[in-house]
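Peer 1: Before I ask anything, let me first share the structure, which is written out below as structure tokens.
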Amino acid sequence: MADDYLVRIGKLIRDARQHRGWTQSQLADALGTSQSAVNRIERGNQNISLEMIARIGEALDSEIVSLGYAGPMHLRVVGGRRLSGAIDVKTSKNACVALLCASLLNKGRTVLRRVARIEEVYRLLEVLNSIGVRTRWINEGVDLEIVPPVRLDMDAMDADAARRTRSIIMFLGPLLHRMDQFRLPYAGGCDLGTRTIEPHMIALRRFGLDITATEGIYHAKVEAGVSPGRPIVLTERGDTVTENALLAAARHDGATVIRNASSNYMVQDLCFFLEALGVRVDGIGTTTLTVHGIPNIDVDVDYSPSEDPVEAMSLVAAAVVTESELTIRRVPIEFMEIELAVLEEMCLDHDRSAEYTADNGRTRLVDLTVRPSKLEAPIDKIHPMPFPGLNIDNVPFFAAIAASAQGQTLIHDWVYDNRAIYLTDLNRLGGRLQLLDPHRVLVEGPTRWRAAEMMCPPALRPAVVVLLAMMAAEGTSVLRNVYVINRGYEELAERLNSVGAQIEIFRDI
């Protein structure tokens, strides 16, 4: 065993021991060895067998090593630290994945600027590469170039990657124009309960798409010549449903009217991208969109997606729960106004800069400075609504914010079947959250956060909420297996560290 591995194993053992609060002598007693032997092991100066590593892991209740695969990523958080300075909001995760799917409409070269380097994007790139699309990171890994093949090889699709993302559902709209039949694996992603794809099917049938599902696969057939004879009325004002209808309409020869459309941030970014492709879209920002499709799209296009309002809300929540003064730069204010109005009602002390324009030339941005505040629980419940209401993905952050406020706050997360349940994980960190039913949580504040070790919730936003609470808790916490956070955030731990957090990334060897 190489010396560097001995040092790495020793450091893992030392960290696990310290997290448990043991001295070297206490660990030595548990192992039936001497304190000096434990000291040599932790310094990397002692040869150590796998049997001994296993015994140490059992004594410390920590998996020290994982054999045969790269272990999951974990975070060790030293809490109780104030944040300071300024931090930039990254580009939108949900816009980036929609634009990757939209690149299938184009026969030419697509360049997307400042693409979020997150696991969700990586999974879609794996799928695109497997069916013949050439992608490469350019400009020192900041931007992404996408070049499609003449013919997609759908039989070679990476099914494992496809099943790990719900975004694969947005392949349906572009692909129905490229082939008369194809298959897609069932969509995956966060564990948020049962979500039907029927609203997608209702919209896409109007373009001749028929879907049957067998053994984990969607089997798609496209009837040529089918055209929406009247406006498409979406049965759900969902973001991905609207995006799929837009993607289908973009290469439909003629005008397609989509009613009850989402006007949320990622939908607007997709509309701006379609316009860059030459597709005219009327009604952007409203619930009625008229798409003037182009049957053949073959252009070289360069587009910059806008910033992510959900990440902006995450950073606001980080400042609130850690009682910090923090400036969040490049906040897409149009998609944060309701959230800020609620926070103002809760007595948040903050101010904002004059508005300026995002790199896409359309989205309005501000710099937002948040200061320590004595928050009061809101009079009304916190609940999401389609844009311009409070963003569905921002609701979980109000659980941590409400836990920092004086009084009781009712949070009603009516959209997802079981996401509210994961918010009660905050109780492990000292929170006082009462689950009233699968959709409603009563939060009692203020909270004296305390450190804990726990597994990461399997849903993206609740997982980040737990991380933020750990940052507020005095002492050292461990959040295990944070893949779900990496699905939606680029280098979140490193960026929070840049403004004063103390978060260490580690893996089991």
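For the record, in the sequence shown the residue sitting at position 473 is 1532 according to my numbering, with numbers rising by one throughout.
All C-beta atoms in this analysis are idealised placements derived from N, C-alpha and C, irrespective of residue type, glycine included.
So, does the stretch 1175–1187 touch the stretch 1218–1225, judging by three or more C-beta pairs under 8 Å?
Peer 2: With the cut-off at 8 Å, the stretch 1175–1187 and the stretch 1218–1225 touch.
Peer 1: Quick one: give me the first and last residue of the alpha helix (DSSP H) that TYR1181 is part of.
Peer 2: Run containing TYR1181: 1178–1189, per the alpha helix (DSSP H) assignment.
Peer 1: Cutting at 7 Å between CB atoms, please list the residues of its own chain near LEU1126, excluding the five before and the five after it.
Peer 2: Because LEU1126 sits at a pLDDT of 47, beneath the cut-off of 50, its placement in the model cannot be relied upon, and the following sentence gives the value as read from the coordinates. Cβ within range, chain order: n/a, list empty.
Peer 1: Which runs of the beta strand (DSSP E) at least 3 residues long sit entirely within the stretch 1390–1427? Give them in chain order.
Peer 2: With a minimum length of 3 residues, the continuous beta strand (DSSP E) runs that stay inside the stretch 1390–1427 are 1408–1411.
Peer 1: Buried or exposed: CYS1406, going by 16 or more other Cβ atoms within 10 Å of its Cβ?
Peer 2: Its Cβ having fewer than 16 others within 10 Å, CYS1406 is exposed.
Peer 1: Closest to TYR1415 by C-alpha separation, out of ARG1389, PHE1230, ILE1190, would be which residue?
Peer 2: Checked all of ARG1389, PHE1230, ILE1190; the closest Cα to TYR1415 is ARG1389.
Peer 1: Could you round the C-beta distance between THR1301 and SER1321 to whole angstroms and report it? I think they count as a contact, below 8 Å.
Peer 2: About 4 Å separates the two Cβ atoms, so the contact holds.
Peer 1: Check GLN1083 in the structure and name its three-state DSSP category.
Peer 2: Residue state, collapsed to three classes: helix.
Peer 1: Between the Cα of VAL1066 and the Cα atoms of LEU1434, ASN1198, VAL1097, ASP1088, which residue gives the shortest distance?
Peer 2: Of the listed residues, the one whose Cα sits closest to VAL1066 is VAL1097.
Peer 1: Measure the CB-CB distance between ILE1270 and ALA1279 and report whether it falls below 8 Å.
Peer 2: Taking 8 Å as the Cβ cut-off, ILE1270 and ALA1279 qualify as a contacting pair.
Peer 1: Using only CA atoms, which one of LEU1434, LYS1070, ALA1532 lies nearest to GLY1103?
Peer 2: The shortest C-alpha separation from GLY1103 is found at LYS1070.
Peer 1: May I ask you to report which of helix, strand or coil DSSP gives ASP1312?
Peer 2: ASP1312: coil per DSSP, three-state reduction.
Peer 1: From GLY1267 to ALA1215, what does the alpha carbon distance come to, in whole angstroms?
Peer 2: Their backbone Cα atoms lie some 25 Å apart in a straight line.
Peer 1: How long is the line joining the alpha carbons of ILE1205 and THR1483, rounded to whole angstroms?
Peer 2: For ILE1205 and THR1483, the distance between alpha carbons rounds to 41 Å.
Peer 1: Below 8 Å on the Cβ atoms is my guess for VAL1401 versus LEU1449; work out the distance and round it to an integer in Å.
Peer 2: With a Cβ gap of about 7 Å, VAL1401 and LEU1449 count as contacting.
Peer 1: Can you check the stretch 1103–1178 for any beta strand (DSSP E) of at least 3 residues that lies completely inside it and give the ranges in chain order?
Peer 2: The stretch 1103–1178 contains these whole beta strand (DSSP E) runs: 1132–1138, 1145–1147, 1169–1171.
Peer 1: Does DSSP put ALA1518 in a helix, a strand or coil?
Peer 2: Of the three classes helix, strand and coil, the one that applies to ALA1518 here is coil, per DSSP.
Peer 1: Name the one or two DSSP bridge partners that TRP1508 has.
Peer 2: TRP1508 is not bridged to any residue.
Peer 1: Rounded C-beta distance between ARG1478 and ALA1518? I'm assuming under 8 Å.
Peer 2: That belief holds up - the Cβ atoms of ARG1478 and ALA1518 are roughly 5 Å apart, short of 8 Å.
Peer 1: For ILE1197, write down the residues that DSSP places opposite it in a beta bridge.
Peer 2: According to DSSP, ILE1197 bridges with ASP1202.
Peer 1: Suppose you measure from the CA of MET1238 to the CA of THR1428; what does that come to, to the nearest Å?
Peer 2: Those two C-alpha atoms are separated by around 50 Å.
Peer 1: Count the other CB atoms within 10 Å of the CB of ARG1076; is the residue buried (16 or more) or exposed (fewer)?
Peer 2: Result: buried.
Peer 1: If you count every other CB in all the chains shown that lies within 10 Å of the CB of ILE1068, and 16 or more means buried, which is it?
Peer 2: So ILE1068 counts as buried.
Peer 1: Determine the extent of the alpha helix (DSSP H) in which GLY1547 is found, giving its start and end residues.
Peer 2: Run containing GLY1547: 1542–1547, per the alpha helix (DSSP H) assignment.
Peer 1: Where VAL1558 and PRO1208 are concerned, what is the direct C-alpha to C-alpha distance, given to the nearest angstrom?
Peer 2: For VAL1558 and PRO1208, the distance between alpha carbons rounds to 43 Å.
Peer 1: Would you grab the beta carbon distance between VAL1326 and ILE1291 for me? Rounded to a whole angstrom, and I think it's under 8 Å.
Peer 2: Their Cβ separation, rounded to whole angstroms, is 14 Å, which puts VAL1326 and ILE1291 out of contact at 8 Å.
Peer 1: Using 8 Å as the Cβ pair cut-off and three pairs as the minimum, do the stretch 1534–1544 and the stretch 1132–1152 touch?
Peer 2: Judged by Cβ distances under 8 Å, the stretch 1534–1544 makes contact with the stretch 1132–1152, as three or more pairs qualify.
Peer 1: Does the stretch 1353–1362 come close enough to the stretch 1183–1194 that 3 or more CB-CB pairs lie under 8 Å?
Peer 2: Short answer: they don't touch.
Peer 1: If we count the other Cβ atoms within 10 Å of its Cβ and call it buried at 16 or more, is TYR1542 buried or exposed?
Peer 2: Label assigned to TYR1542: exposed.
Peer 1: Assuming contact is defined by CB atoms lying nearer than 8 Å, are GLU1398 and ASN1453 in contact in what I supplied?
Peer 2: Cβ distance < 8 Å, so GLU1398 and ASN1453 count as in contact.
Peer 1: Tell me where the beta strand (DSSP E) around ALA1272 begins and ends.
Peer 2: ALA1272 -> beta strand (DSSP E) spans 1268–1273.
Peer 1: Can you list, in chain order, the residues of its chain with a C-beta nearer than 7 Å to that of HIS1409? Leave out the 5 residues immediately preceding and following it.
Peer 2: Same-chain partners within the cutoff: LEU1427, THR1428, VAL1429, ARG1430.
Peer 1: Roughly how many whole angstroms lie between the Cα atoms of MET1372 and LEU1090?
Peer 2: Computed Cα separation, rounded: 47 Å.
Peer 1: If you run the structure through DSSP and keep just helix, strand and coil, what is TYR1277?
Peer 2: In the structure shown, TYR1277 sits in a strand (DSSP, three-state: E or B).
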